[in-house]
Structure formats: C-alpha cells, structure tokens
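Take a look at the structure below.
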Amino acid sequence: MNQLKAFILKEIFHILRDRKTLLVLFGIPVAQIILFGFALSNEVKNTRLLVCDQAHDSYSALLTSRLDASRYFDVTGYTENPEKGLADLRAGTAHMVVVIPQDFAGKLDHGNEANIQLLTDGTNPNLAATIQLYVQAIVNDFRNDMYGKPDLPYEIGVSPRMLYNPQLKGSYTFVPGVMAMVLMIICTLMTSVSIVREKELGNMEMLLVSPMNPMTAIFSKAVPYLMLSLLLVTVILILSVTVLEVPIRGNILLLYLVSFVFIITSLSFGLAISTVTNSQQVAMLISLMGLMLPTLMFGGFMFPIENMPLPLQVVSNIVPAKWFYYSINDIMIKGLGLSAVYQRVLLLIGYSAVFLAISFRNFKIRLA
Amino acid sequence: MTAFFLILKKEFRQIFRDPAILRLIFLMPVLQLIILPFAADYEVKNIKVGIIDLDHSDYSRSLITKFENSSYFKLAVYSSDHHQALKWLEKEEADLVIEIPPRFESTLIRENSATLQLVVNAVNGTKGNLGAAYTSGVIQQFNQEIRKDWFEFPRFNPEPFITVVPISLYNPYSDYQRFMVPGILAVLLTMTGGFLSALNIVKEKELGTIEQLNVSPIRKYQFILGKLVPFWLLGFVILTLGLVVSYVVHGIAPGTNIGNIYIFTALYLLAIVGFGLLLSNFTSTQQQAMMVAFFFMLIFILLSGLYTTIESMPPWAQKIAYINPLTYMVDAMRMVLLKGATLRDLLPHLRVIAAIGIVLNFLAIWTYHKRS
Amino acid sequence: MSTALLDTWSIETRDLTKKFGDFTAVDRISFKVGKGEIFGFLGANGAGKTTAMRMLTGLLNPTSGSAFVAGYNIATDPESVKRNIGYMSQKFSLYQDLRVWENIEYYGGLYGMSLKEIREATGRMMEDLGMNAEKNVLVSELPLGWKQKLAFSIAIMHHPGIVFLDEPTGGVDPITRRQFWNMIYQTAREGITIFVTTHYMDEAEYCERVAIMVDGKIEAIGKTSELKSAYHAGSMDEVFYLLARGATRSE
C-alpha cells in the first residue's frame, strides 16, 4: 500500500513539473467556456448592408433608417447603381443589398403595391435565410406603421414555450461538450502518451523487473489523471454555473457518477492504446485520430448528428462520448434522473470492460 | 547557396522517409475534407414534430398534412394524450410539440381567432429558435389558406402591401456543404503548416541534433528558411489535393480565378509556418508542443468566422479575430471558391496577411537562440 | 587558417567564468592549448567541464573572463569560432532516419562545403572507416561503435583547426575505444587540435596534457607524466582520486 502511494505521488510530481502542459490543460476548458459563452453565437448582428436607393423619397429614407436602427443591420453605404451592390457582395464589403425601386412612395400610395429586392451573400445559407426573415419582419412593421395593421379574420395565434432554455443560450449545448472533450484529452491522450514515454525511455523495464505487480504500476499512472479529471470537471461546472449561468437542474452526485464512469472509460482506452504501441508519436496519433476527431464529430455537440448521412449516423453510435454527452445534457439541463440515463451508463461500463480486457491481454502477452 | 540547398534536401528526405507520417500528412486532410463537410451541416432541417390533436377536426387534420409536406419537418409522433408532450421532449422523440386544443376549428370560426400551443426543446438555442420560426411560418401559411377558403383574399385587401423579393447569390441551392468546404480546407492547411513545423523542430531538440546545428556556422535565417520552405511547399500539395477533393466530391468547381488562391496561400503559409517555428522556440518536448499547438488551433478555429460570423462577436473577440491569420484564409478561400473573387477583391486581406507573416517570422528568427 | 594574433595557441582562456544565478558552474579558469595538441579535460560529473566546453564552442555566453578559440573571441565573434571548429556532442547527434552518406552530405552542407568537396570527402571517409558497404545504410541500423567513429569523421570533415569531443567514447566497447583513439592520434598528426572531455582515466593517459576540474575550478594542469610525479601517483586514476575526493558537488 505504501508502495502504491509512493508511485502515485511520483506520478503527481511528474505532472506538476511540466508547467506548460498543465497550463494548457487548464487553459483549454477555460478558453472554451469563455469563447463559447461570450464570443460565439449564431445571432445575426451588425450585418453590413448596402442600400441601393433608387427612389430618394421620404418613404425610402424612412425604411432605410428603420433597417439601420435595428441591431441586426449596419448600413455601410449608399448607391444608386445595382452593379456596385454586386461588386461589394463579391468583395465582402457588404453582406446584403436592399434595392428600393424608383417612385417607391408613389407605387405604394397609388398603386398599392411595391417590390423591394433583397440581394444576400448566400455563401452561408443559415445567415442568408435569417437575414431574409428579419428584413421581411422590418418591412412588415414599416408597412403597418404607415397604413395601420390590417384587420384579418380567422386569426390563428401561436403561443410558443421554449422549454429548458428560454433565453436560447448557446452555452447550454456545449458545456457538456467541453466536458467530454477535456476528459478525452486528459484521460486518453495524456495517459497513453505518458505511459508510452516510460517505455521509450526504458523505465518500463525497470518496473517490470521490480517486485511490484506491473498492473499496480500502470494503475498508479492512471490515478493522478483520474484526480486531475475530476478537478477539471469541477472547474468546468463552477465556471458554467457562475460565469455562464448554465443551471445544474439534476442531481449533482449523479452528474459526478456519470462523469466518473466516463473517465474510467477514457482511461481504459488510454491504457489499451499504450499497450499496443511503443512510440509517443503513434500514441498521439491514435488518440487524436481514433478518438478526438470522432468525439468532436459524433459527440453531438459540435455537429448535428441528425443532419448526417445515414452511415455516419450509424457510426456515431459507437462513440462513447456521444452517450456521455446525452447523459450530461439530460441531467444538467433537463434535470432528469437516473432512470433516464442508466442504459447509457451501463453501455459506458461495458466499453470500459472491453478496453480493460484488451489492455490486460496485451500486457500478459508482453510479459510472457 | 549549396548549404541551404543541402539543408532542404535533408528535410525532404526525413519527411519522405517515414511512411506513417507521410500517410498522415496526405491522407488525413483528404479524408477529413471528404467526411467533415457531410458532418458539419448546420442547416436546420428534419425537425422532429410531435402533434397532440385534441380536436380531430378537418382543420386539425389538414394542419397535420401541412407539416407532413414541409421539407423542414418530419412528423415523428402523434397522440391524443395531452400528457405525452413532455415525455416526447425528454426522450428527444420530438424537437417540438404542437398541441391542437379541443374545439380548435369551431372556436376559430365562431370567435374569429384560436390559439395553438407550441412547446419547443430549446437546449440547442439556434435550433429551437429557427424551429419555432419555421413552425409559425407553416401555421401562417395554413391560416392564409383558410382565409382564402372564405374570401377571395386579395380583393378584400385594399390596403397597400410591400413584397420583399429575396435573391440569394453564390450558393443557389443554399447548400451548407458548399459553405463549409472552403473553410475546412483552410483549417487543414493551417494544421499541416503550423503543427508539423513546430513538431519538427522540437523533435530535433528532443534528440539533441539541434546542438550540432548550433555549433555550425550556418546563419539563423538559413536555419529558419530551411525549416520553412519544405512545409511551405507541402502546403501547396495539400491545397491542390484539397481543391481536387472539393471538386470531385463536393462539386465545387474551381473557377477561372483559382490562381488567386495559390497566391494568397503562398503568403498565408509563410505566416502560419512562422507561427509554428515561433511555437517551437518556446517548447522543449513534442508532447508540450502538441498541447500548446492544440490550444492555439482551438482559438484560431473558433475565432475565425468558420462557424459563427465575426460581426456577431463582442468587440474584444472581434479584435482577436482580426489578428487571427486563419480569419483571412477562411474568408479568402470562400471568396475565391464560391464568389470567384479577383485579386483586387483580395487585396485588403493580402495586405494584412503579409503584415502578420512578417511579424511572426521576425519574432521566430528573433527568439531563436543559437546560444544562451 | 587563423589570421589573428595568437598564432601559436589554439585555445586561450583567461578567468573564464559562467554563473547560473547564484551557482558558479565554471570559476575563473585560465589555460592554453597548443596547435595540434591532444588536450584532455577531466572531471567528475557536475565539475563544469561540459559548461566550459559549451562556452568554448559558442553555445553559451560567458559571464566574465575571456577566451580565444582559433584566434577568435568567443564572446564577440562566436560565428567565426564556429567556422573553425568541429564538435561531437555527448548526446548522439547523427540523424537516425537518414542514410550514412545523407548525413555526411548534410553536415558538409552546414559547413559550407561544395558538392564536389563533399563527394570526395565521403569517398575518403568510407574508405578510411571501411564502411563502403554501409554507405547506404540508415544510421539507426549501425552498431554504436561505428556510429561514434562516423560522427567523429563527420566532425572533422571540413578540416577545422580544433575539434571538441564531449565524452566521445561513452558506452563503447574497449576495442572500439582503442580504434577511436587511433583516429584521434591520426587527426592530431594532421595538425588538428583535439580538445576532449572524459571521465575514463585510462583515456587521460592517451592525452598529451590534461586539466583536471573540480567544483568549477581547474585544480591541476600539465603533462600526464608531470602530474603523476608531482602527486607521487602511479596512474592518472590516482591523481584524479587525490584531487577529486574533496569535491563538494556532483550531479
């Protein structure tokens, strides 16, 4: 027991010694939380608008000022020449061009009808679609203010209710995602690389000839990373609650239990990698390509799985991070209990057993 | 000159000697460029709708048909039990639930208005928001049709109306993949240029071969150039492979202005390899270099306008985005591939990227110490 | 080769000192090494010999004192120093993933040799080392002794005035060590000064003159025969033991 303690302490010192790496380990989740929480949003804001006003009457001036006043758009220029609009769109100096036709006021007052052209840079389809919705809404308001709201019969109203996330914050989706990714980096990448490094440096042989059970040695390498992971989970949760104001609606013990199971899964994967290779670079590559990328792609937090082609959707089911992500989401955001997540947790335990079995078998072979 | 040429030869030999690394350099970007755009589709579609019909009228049935026929929605679950809604949302069997109240049809006709309940799973804010907006759209359309059944609508509307005619340029089918492919290609170029050059030098540090270099009379700039040029050339190979994949797999035809992207990439790679070299000056092991590079990649990618627009960011984040070289590469790639931008269109970006490149390489040479 | 004033000395140091914070790694050492001499630099681990050598090769800036190598001031003109020296480090520094001749070509390039010169040097080297058959082999596949001999040959291929060898025979078997020293003698006969650090005392016997470092200072310097008689010792091993047992630091 003392032996084990000594080994674990040695590993902890090892980790604490490399300040730069440690800094990055804490820097990644903190930077992600801050960026996702404050810098990244799918809101449409300050879109550069070029007004092509061919009417030059009071109505067109009023409509233009309405567009400019909204926080969605910034009028960055005026022109009469639609060609200039096209050039600006191509150069990216404008994202959208609104063309107000000649005799706009006259057409409305006397002809009862006017068309406004809206040219959008469609390279980003979501942005273009949202811009169109907003322009339509502003134009409708303008029309209603000029002529009064039309009294329409048989009005169907909709009373929408935004469940779980009424302010529609983006942070709700990615806090569990950041957790999944960080745990993957520490448990799988760092663990496998640090074990393989001992092999590269020849320290592993020393352990194998010592009277200590080699599995104990491996185990003592995993423990500090387990502790580091739990610490980082706590940091992420504290940041989410205090800085991002993302609630923890469910049971916090259950949250830690699920995280703990996922940490074990990732650690056993890291162990399995370390038993199949002797080179740091290969261990890095397997961890990055075999795990990080699938985690990012199929974890469910970066890319919407339901939009993927069917084969990719099927593949996503074997990525452990996906089950972790959905469980954390259910507990934290939806406030559901064990009954909602136990199947996924069992699945994660199953994964751990498989990875551990692989490591153990490879280890035996090596010793024989 | 011979010295420099021989240094280059040695770098290329080492790159081509290790088949595992070579495969990685060429195969990974190609595979990623093939698969990632399929995954990175943020278009909101296939929204799962649950309907609770407590009315069972002609109107409720035709409203349901409307959702069934809409390309945005998928009718996932249906019930007449009021309590189902929450369960569906919890289990993600539905993204949103529309509840048609009892006597919906008769209320609408008798009282001239009626209200539908809409409950949305808004954990993903964007999806929830757009889902609700699209739902309102479908309901409004349905509303219009009902009115038309009762009146010949336009004739009873003497008031003026304004139509907005939207024209979306450069991406006629609103294809999200088209939008993502150039951006992902820019990221892959950055990874190869920045990551590999950093790891390369740190490896020489770990092995101790860098010491032998430091006692030799070669100049700092020769050393830096010797490391820069191979990865610079490698970048062009990756770019070309990437453009072929974009065309063959994703159907993005290289226009007549395609040469412009090579010109831009030439400058960009200088900047990003310079960054890799700078990074290697501050790290001593490969593991460390990899973690630090990973950290910067994360910030570069997230603050580049690849996923979210720079205009939507708060001022401090915009400032970072404007000194982030990837911002300009992503935009330039999109401008050339999707809009056929001319060199004149690219000029402002070219200027900035040249400035960033000069600063980074100057710092790299300055902080590289042959002696301590 | 050297145009400077101190034409008779290859290396001359005066009160050369290196401090790392409070720690004085090299403490005011002064010595001279003649042209074509085999000069041994002895000391226990941590005595400061590697630090001294790193200053002389231009890898480290001295804190105070001065040193001229091949007639150039190491503090003000390290790049000229580098053009006139060869260096073989303790850490093995050939590229394992390059072939034998590729390594030769690369290092020749670093020292500004022309392709023709490199080709000729490669042929000669392969002949001298008896490695003609191994020219195309990856360095990682060579036995350690061969690697060391190859590294040495590469360190002198550009005909430097001085070659610095940092514990060149670590981990090598006795026969190879013997061959290695034969190469050193051969090189010295060609007029190249040899500056070698070692902690093998039998190797010290091979040197013409030695300096013994203890705790950053030079405790004794002179011909091996002079030192042995001065300390009434039968071997350099005894001389070293007498001087080094008072050492307070080791790595």
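Residue numbers (my numbering), protein chains in the order written: chain A, 12 to 379; chain B, 585 to 956; chain C, 790 to 1040.
By construction, the Cβ of each residue, glycine as well, lies at the ideal position given by its N, Cα and C atoms.
* With 9 angstroms as the threshold, decide whether the Cβ of B/Val-813 is near any Cβ in chain C. => Here residue 813 of chain B is taken as the residue at index 229 of the second sequence, counted from 1. B/Val-813 does not count as touching chain C.
* Beta-carbon neighbours of B/Ile-907, restricted to chain A and to distances below 7 angstroms -> The sequence position of residue 907 of chain B within the second sequence is 323, counting from 1. Chain A residues near B/Ile-907: none, gap ~14 angstroms exceeds 7 angstroms.
* Quick one: using the 10 Å Cβ neighbour count with 16 as the cut-off for buried, is C/Glu-891 buried or exposed? => Your numbering for residue 891 of chain C matches position 102 in the third sequence. Classification for C/Glu-891: buried.
* Asked: Nearest-angstrom Cα distance between B/Val-707 and B/His-953?
  -> For this step, residue 707 of chain B is matched to residue 123 along the second sequence. For this step, residue 953 of chain B is matched to residue 369 along the second sequence. Rounded to the nearest angstrom, the two C-alpha atoms are 51 angstroms apart.
* Assigned exposure category for B/Trp-900 - 16 Cβ within 10 Å defines buried -> If you number the second sequence from 1, residue 900 of chain B lands on position 316. The Cβ neighbour count for B/Trp-900, taken over all protein chains shown within 10 Å, is under 16; the residue is labelled exposed.
* Checking contacts by CB at 9 angstroms: is C/Phe-953 closer than that to chain B? -> In the third sequence, counting from the first residue as 1, residue 953 of chain C sits at position 164. Yes, C/Phe-953 lies at the interface with chain B (some Cβ there is under 9 angstroms from its Cβ).
* Asked: Quick one, which residues of the segment 917-950 of chain B are near chain A if we go by CB-CB under 7 angstroms, in chain order?
  -> Those residues of the segment 917-950 of chain B that come within reach of chain A (Cβ to Cβ, closer than 7 angstroms) are Arg-918, Met-919, Leu-922, Lys-923, Ala-925, Asp-929.
* Can you say whether B/Lys-732 is buried or exposed, counting buried as having 16 or more other CB atoms within 10 angstroms of its CB? => Within the second sequence, residue 732 of chain B is the residue found at index 148, counting from 1. It counts as exposed.
* Asked: Does C/Met-902 get closer than 9 angstroms to chain B when you measure Cβ to Cβ?
  -> For this step, residue 902 of chain C is matched to residue 113 along the third sequence. So, interface residue.
* Cβ-Cβ separation, C/Gly-934 to C/Val-982 (assumed contact under 8 angstroms), whole Å -> Position 193 of the third sequence, counted from the start, is the residue given in the question as residue 982 of chain C. Position 145 of the third sequence, counted from the start, is the residue given in the question as residue 934 of chain C. Per the sequence presented here, residue 982 of chain C reads as Thr, with Val not at that position. Not quite, the Cβ-Cβ distance comes to about 24 angstroms (not below 8 angstroms), so this is no contact.
* Tell me, to the nearest whole angstrom, how far the beta carbon of C/Gly-847 is from that of C/Val-870; I am working on the premise that it is less than 8 angstroms. => Working through the third sequence from its first residue, we reach residue 847 of chain C at position 58. Working through the third sequence from its first residue, we reach residue 870 of chain C at position 81. With a Cβ gap of about 5 angstroms, C/Gly-847 and C/Val-870 count as contacting.
* **Under the three-state DSSP convention, the category B/Ser-641 falls into** => Within the second sequence, residue 641 of chain B is the residue found at index 57, counting from 1. In the structure shown, B/Ser-641 sits in coil (DSSP, three-state: anything other than H, G, I, E or B).
* Asked: With a Cβ-Cβ cutoff of 9 angstroms, do B/Tyr-643 and B/Leu-692 count as a contact?
  -> If you number the second sequence from 1, residue 643 of chain B lands on position 59. If you number the second sequence from 1, residue 692 of chain B lands on position 108. Yes, the pair counts as a contact, with Cβ atoms nearer than the cut-off.
* Straight-line Cα distance separating A/Asn-151 from A/Asp-120 -> Counting from 1 along the first sequence, the entry for residue 120 of chain A is found at position 109. Counting from 1 along the first sequence, the entry for residue 151 of chain A is found at position 140. Straight-line Cα distance between these residues: approximately 16 angstroms.
* **C/Gly-897 versus C/Ser-882: straight-line alpha-carbon distance, rounded** => Looking up residue 897 of chain C in the third sequence gives position 108. Looking up residue 882 of chain C in the third sequence gives position 93. Roughly 14 angstroms separates the two Cα atoms.
* Asked: Comparing alpha-carbon positions, which option in A/Leu-239, A/Ile-247, A/Val-269, A/Ser-270 lies nearest A/Gly-48?
  -> By 1-based counting over the first sequence, the position of residue 48 of chain A is 37. Ranking the options by Cα distance to A/Gly-48, first place goes to A/Ile-247.
* Asked: Taking one C-beta from the segment 174-190 of chain A and one from the segment 97-106 of chain A each time, how about it: are there three or more such pairs within less than 8 angstroms?
  -> Contact check between the segment 174-190 of chain A and the segment 97-106 of chain A: fewer than three CB pairs, one atom from each, fall below 8 angstroms, which does not count as touching.
* Taking Cβ-Cβ distances below 9 angstroms as the criterion, which residues of the segment 334-351 of chain A are in contact with chain B? -> Result list: Tyr-337, Asn-340, Asp-341, Ile-344, Lys-345, Leu-347, Ala-351.
* For A/Ile-44, the nearest candidate out of B/Leu-886, B/Ser-896, B/Ile-949 (CA to CA) -> Counted from its first residue, the first sequence places residue 44 of chain A at position 33. Of the candidates B/Leu-886, B/Ser-896, B/Ile-949, the one whose C-alpha sits nearest the C-alpha of A/Ile-44 is B/Leu-886.
* Does the beta carbon of C/Met-1025 come closer than 9 angstroms to any beta carbon on chain B? -> The residue you call residue 1025 of chain C lines up with position 236 of the third sequence. Closer than 9 angstroms: no.
* At a Cβ threshold of 9 angstroms, is B/Tyr-891 touching chain A? -> The sequence position of residue 891 of chain B within the second sequence is 307, counting from 1. For B/Tyr-891, the nearest CB of chain A lies under 9 angstroms from its own CB, placing it at the interface with that chain.
* Pick helix, strand or coil for A/Leu-248, following the three-state DSSP scheme. => By one-based count along the first sequence, residue 248 of chain A stands at place 237. DSSP places A/Leu-248 in the helix class (H, G or I) of the three-state scheme.
* To do: Tell me whether the beta-carbon of A/Leu-367 lies closer than 9 angstroms to the beta-carbon of A/Ala-283.
  => One-based indexing of the first sequence puts residue 367 of chain A at position 356. One-based indexing of the first sequence puts residue 283 of chain A at position 272. Against a cut-off of 9 angstroms, the Cβ pair of A/Ala-283 and A/Leu-367 comes out as a contact.
* What residue does the beta strand (DSSP E) around C/Ala-814 start on, and which one ends it? -> For the purposes of this step, residue 814 of chain C is identified with residue 25 of the third sequence, where counting begins at 1. Element bounds for C/Ala-814: 812-823.
* Have a look at B/Ile-746, B/Gln-728, B/Thr-710, B/Asn-727 and flag the residue whose alpha-carbon is nearest the alpha-carbon of A/Ile-149. => Translated into positions along the first sequence, residue 149 of chain A becomes position 138. That would be B/Ile-746, whose Cα lies nearest to the Cα of A/Ile-149.
* **Segment contact, 8 angstroms Cβ cut-off, at least three pairs: the segment 755-772 of chain B with the segment 795-803 of chain B** => The segment 755-772 of chain B and the segment 795-803 of chain B do not touch, with fewer than 3 CB-CB distances between them shorter than 8 angstroms.
* Element boundaries [beta strand (DSSP E), containing A/Met-107] -> Translated into the one-based positions of the first sequence, residue 107 of chain A becomes position 96. Where A/Met-107 is concerned, the enclosing beta strand (DSSP E) stretches over 107-111.
* With distances taken Cα to Cα, identify the nearest neighbour of B/His-640 among B/Lys-923, B/Glu-689, B/Leu-823. => Counting from 1 along the second sequence, the entry for residue 640 of chain B is found at position 56. Closest in alpha carbon position to B/His-640, among B/Lys-923, B/Glu-689, B/Leu-823, is B/Glu-689.
* **Residues that DSSP places opposite A/Leu-382 in a beta bridge** => Because residue 382 of chain A is not part of the residues shown, which for chain A are 12 to 379, the question remains open.
* With a cut-off of 9 angstroms, does the C-beta of B/Thr-824 fall near any C-beta of chain A? -> Locating residue 824 of chain B in the second sequence gives position 240, where the first residue counts as 1. Judged by the 9 angstroms Cβ criterion, B/Thr-824 is not in contact with chain A.
* **Any C-beta of chain C under 9 angstroms from that of B/Thr-869** => As a first step, residue 869 of chain B must be located in the second sequence, where it is residue number 285. Interface annotation, B/Thr-869: not in contact with chain C, CB-CB separation never under 9 angstroms.
* Relative to the C-alpha of C/Thr-958, which residue among C/His-948, C/Glu-979, C/Thr-986, C/Ile-945 is closest? -> On the third sequence, position 169 is the one that residue 958 of chain C refers to. Cα-wise, what sits closest to C/Thr-958 is C/Thr-986.
* For the beta strand (DSSP E) containing C/Val-1028, list its first residue and its last residue. => Mapped onto the third sequence, residue 1028 of chain C falls at position 239. Taken as a continuous stretch (DSSP letters only), C/Val-1028 belongs to no beta strand (DSSP E), being part of the alpha helix (DSSP H) at 1025-1033.
* Asked: What residue ranges within the segment 304-349 of chain A form continuous alpha helix (DSSP H) runs of no fewer than 4 residues, ordered along the chain?
  -> Taking only runs of at least 4 residues, the alpha helix (DSSP H) segments lying wholly in the segment 304-349 of chain A are 304-309, 321-327, 331-343.
* To do: Please confirm if A/Pro-320 has its CB atom under 9 angstroms from at least one CB of chain B.
  => Counting from one through the first sequence, the residue named residue 320 of chain A turns up at place 309. For A/Pro-320, the nearest CB of chain B lies under 9 angstroms from its own CB, placing it at the interface with that chain.
* Measuring CB to CB, does A/Asp-64 end up less than 9 angstroms from A/Ile-111? -> Here the question's residue 64 of chain A lines up with position 53 in the first sequence. Here the question's residue 111 of chain A lines up with position 100 in the first sequence. A contact, by the Cβ cut-off of 9 angstroms.
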